[in-house]
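Scroll down for the structure; my scribbles are underneath it.
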Amino acid sequence: MSSRTFVAAQPYTAEDPSNEFSFEAGEQFIEANNPEASPNDAWVLVYRPGAPSVSKYVPVDKLIEERVVSSKYRQPKTLSSTISDSPSARASAASAELVSVISNAPPSRDAKRSTVSSIQRGDPPLSTGSDDINSKLSDAAASGMTFGGTLASTFKAILEKHEAYFGNVAKKREESFAKISSSIGEASTELARCRERNTAIREQIAELDTMIAAERARWRQLAGDRPDV
Numbered sequence: 001m002s003s004r005t006f007v008a009a010q011p012y013t014a015e016d017p018s019n020e021f022s023f024e025a026g027e028q029f030i031e032a033n034n035p036e037a038s039p040n041d042a043w044v045l046v047y048r049p050g051a052p053s054v055s056k057y058v059p060v061d062k063l064i065e066e067r068v069v070s071s072k073y074r075q076p077k078t079l080s081s082t083i084s085d086s087p088s089a090r091a092s093a094a095s096a097e098l099v100s101v102i103s104n105a106p107p108s109r110d111a112k113r114s115t116v117s118s119i120q121r122g123d124p125p126l127s128t129g130s131d132d133i134n135s136k137l138s139d140a141a142a143s144g145m146t147f148g149g150t151l152a153s154t155f156k157a158i159l160e161k162h163e164a165y166f167g168n169v170a171k172k173r174e175e176s177f178a179k180i181s182s183s184i185g186e187a188s189t190e191l192a193r194c195r196e197r198n199t200a201i202r203e204q205i206a207e208l209d210t211m212i213a214a215e216r217a218r219w220r221q222l223a224g225d226r227p228d229v
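Position 43 of the sequence shown, counted from 1, bears residue number 43 in UniProt numbering, the numbering being contiguous throughout.
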């Protein structure tokens with residue numbers, strides 16, 4: 001049975017340095033041979049790599065057990081192997097392989113016979129499968145370019161439409177603000193006129209009060225009453 005390997009997850013200071021290791025996080029330990037050990041023990045007998053002769057106990061709750069994978073199943077990955085294992089790389093490789101197989105595939109017996117017969121008659125040879133595929137790829141590429149151009153034109157038209165719409169909204173907004181400002185100006189003018197009329201009415205009321213008081217005094221004098229002082 002192979003020994004387990006641990007890595008310190010947390011630092012620990014030994015309370016009994018003669019029987020315990022003190023360590024920092026990240027230190028590595030290897031399980032030492034201990035016939036009395038149990039998987040459920042809170043302490044494990046270990047030694048540091050390179051010093052198997054010195055074995056001491058460390059708390060299990062401060063450690064993390066390393067899972068060693070056999071080299072039979074673990075292959076080191078390089079940058080090129082990582083890139084080649086990506087889904088996009090595999091899809092591109094599969095597409096390239098398919099095109100290569102189709103392009104290099106020999107024509108069928110019927111195609112050979114038709115080609116030979118056409119040559120004997122002086123007719124142009126029939127196109128092979130690879131020619132048809134190349135033609136279809138060219139058509140697809142041309143269609144893609146046309147579609148891209150149409151999409152750009154459509155986007156430009158939509159953008160121009162939105163710009164015209166927002167320009168119209170801004171114009172209406174300015175017109176509304178102008179109407180509101182005009183209404184506020186008219187209301188302010190009318191309010192000033194009302195204040196002037198109120199002032200004139202107050203003055204007229206004061207004059208009437210004065211005339212009424214004078215008239216009362218005159219009537220009292222005529223009636224023989226003493227006028228108010």
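We treat Cβ as the ideally placed atom computed from N, Cα and C, and that holds for glycine.
Runs of the beta strand (DSSP E) spanning 3 or more residues and lying entirely within the region 34-72 occur at 43-48, 51-59, 63-66, in chain order. A straight-line Cα-Cα distance of about 10 Å links residue 221 and residue 215. No Cβ-Cβ contact shorter than 9 Å links residue 12 with residue 30. Per DSSP, the continuous beta strand (DSSP E) segment holding residue 6 begins and ends at 5-8.
Rounded to whole angstroms, residue 170 and residue 159 show a C-alpha spacing of 16 Å. It is roughly 44 Å from the alpha-carbon of residue 167 to the alpha-carbon of residue 196. Under DSSP, residue 221 forms no beta bridge with any residue.
With a 10 Å radius around the Cβ and a threshold of 16 neighbouring Cβ atoms, residue 172 comes out exposed. Cβ neighbours of residue 14 within its own chain (closer than 7 Å, five residues either side excluded): 20, 21, 22. Apart from the 5 residues on each side of it in sequence, residue 66 sits with its Cβ closer than 7 Å to the Cβ of 5, 6, 7 in its chain, given in chain order.
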